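Okay, structure first, notes after.
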Amino acid sequence: MPRLSRWFVRLALGYLLLGSALGGVMLVAKAGVAVPAPVWAIWRVHGEMMLFGWVLQLAVGVGYWILPRHATAPVRGGLGAPLATLVGLNAGVLLTAAGSVVGMMPLTLAGRGVEMVAVAAFLLHAWPRVRRAARA
Amino acid sequence: MPLISRLLIRCALGYLVAAMVIAAGSAFPRWAALRPTWIHLLVVGWLTQLIFGVAIWLFPRTSGAPWGNERLAWLGFAGLNLGLLLRLVAEPWLRMEARTTLLVLSAAGQTIGVMAFVASLWPRVRGK
Chain A
6 MPRLSRWFVR LALGYLLLGS ALGGVMLVAK AGVAVPAPVW AIWRVHGEMM
56 LFGWVLQLAV GVGYWILPRH ATAPVRGGLG APLATLVGLN AGVLLTAAGS
106 VVGMMPLTLA GRGVEMVAVA AFLLHAWPRV RRAARA
Chain B
908 MPLISRLLIR CALGYLVAAM VIAAGSAFPR WAALRPTWIH LLVVGWLTQL
958 IFGVAIWLFP RTSGAPWGNE RLAWLGFAGL NLGLLLRLVA EPWLRMEART
1008 TLLVLSAAGQ TIGVMAFVAS LWPRVRGK
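The listed protein sequences derive, respectively, from chains A and B.
Those letters in the first sequence? Residues 6 to 141, per my numbering, in order.
Those letters in the second sequence? Residues 908 to 1035, per my numbering, in order.
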């Protein structure tokens, strides 16, 4: 597994831990136990971490690893676009989550914008690799 | 494919069917309390469980224990599924009566399940 995929997968697993811990706090709150933060704020951060931080990031990391490779070096293509995806996706998740917690819509929108750029960068990287076999 | 992966993937497929059925049912106002339940059956029962089933099978293998720490993986399987099944019962019930203990147990089961899966898979996120 290439180094960049390891970063994607480890960050995804980290978000899974955090996101599911927040989900646990929400269930406990639903059962009537007092929790230290408002549930609506936890709910938004939980959703953001589970969908974008965990599921999307894991899919991107594994995709970078297993999609068909190019015949010539660099076999997985240039590092620029996937690196931009790694940085953008994580910055986007944190910005969106922070915007939701403090109730700042511009921060949330900025986070979504950064996530969109990150996804576009991954599409640019992955599109030429989605094919039958390596070109000679 | 190891036994734990086969079980995880079969359970994931089962949750997918259950989630779709419950999703259809929750469109009726009488069963609206099931909405959060089917979303979690889909994201946790189907997606997350499928991911772990395939990852345990396909991620780079470790010498000696090719599938990683299988005890942790089994603990994850038990925690996640018991937690989800408890949630399936407790969450709609909560709307009618106060049955809080089951929901707290469900939260504990799912959280412990996820922690065990992550601990089991972490050492296999490596180069070769």
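Ideal Cβ placement from N, Cα and C applies to all residues, glycine included.
Source: prediction; values computed, not measured.
- Taken in chain order, no unbroken stretch of beta strand (DSSP E) lies wholly in the region 66-126 of chain A with a span of 3 residues or more.
- Residue state for residue 976 of chain B is assigned as coil, using DSSP reduced to three classes.
- Within the region 917-1002 of chain B, the runs of alpha helix (DSSP H) that reach at least 4 residues and sit entirely inside it are, in chain order, 942-947, 956-965.
- In the three-state scheme derived from DSSP, where H, G and I count as helix and E and B as strand, residue 137 of chain A is classed as coil.
- Contact annotation: the region 89-101 of chain A touches the region 53-66 of chain A, with at least three C-beta pairs closer than 8 Å.
- Residues of the region 63-78 of chain A with a Cβ closer than 7 Å to any Cβ of chain B, in chain order: 63.
- Rounded to the nearest whole angstrom, the C-alpha separation of residue 1030 of chain B and residue 975 of chain B is 7 Å.
- In the DSSP assignment, residue 1016 of chain B falls within the alpha helix (DSSP H) that extends over 1007-1028.
- Pairing residue 11 of chain A with residue 81 of chain A, the inter-Cα distance amounts to about 14 Å.
- Interface annotation for the region 1005-1028 of chain B against chain A: 1005, 1006, 1007, 1008, 1009, 1010, 1011, 1013, 1014, 1015, 1017, 1018, 1020, 1021, 1022, 1024, 1025, 1028, criterion Cβ-Cβ distance under 9 Å.
- The Cβ atoms of residue 1008 of chain B and residue 29 of chain A lie no closer than 7 Å to each other.
- Here residue 105 of chain A has 46, 49, 50, 53, 113 as same chain residues with Cβ atoms under 8 Å from its own Cβ, once five neighbours each way along the sequence are excluded.
- For residue 943 of chain B, same chain residues with a beta-carbon under 8 Å away, outside a window of 5 residues either side, are 998 in chain order.
- With the rule of 3 Cβ pairs closer than 8 Å, the region 82-91 of chain A does not count as touching the region 36-43 of chain A.
- DSSP places residue 33 of chain A in the helix class (H, G or I) of the three-state scheme.
- Shown here, residue 131 of chain A sits in a helix according to DSSP, grouped into three states.
- For residue 50 of chain A, the enclosing alpha helix (DSSP H) covers residues 44-53.
- Distance from residue 87 of chain A to residue 127 of chain A at the Cβ level is roughly 7 Å; contact confirmed, criterion being Cβ atoms closer than 8 Å.
- Here residue 1034 of chain B carries a coil assignment [DSSP, helix/strand/coil].
- Residue environment: residue 935 of chain B is assigned as exposed (fewer than 16 neighbouring CB atoms within 10 Å of its CB, all protein chains considered).
- Not flagged as an interface residue toward chain B: residue 54 of chain A, since no C-beta distance is shorter than 7 Å.
- Excluding residues up to 5 positions away in sequence, 939, 941, 942, 945 lie with their Cβ nearer than 7 Å to the Cβ of residue 933 of chain B in the same chain.
- The shortest CA-to-CA distance from residue 37 of chain A to any of B:1022, B:1028, B:1010 is the one to B:1010.
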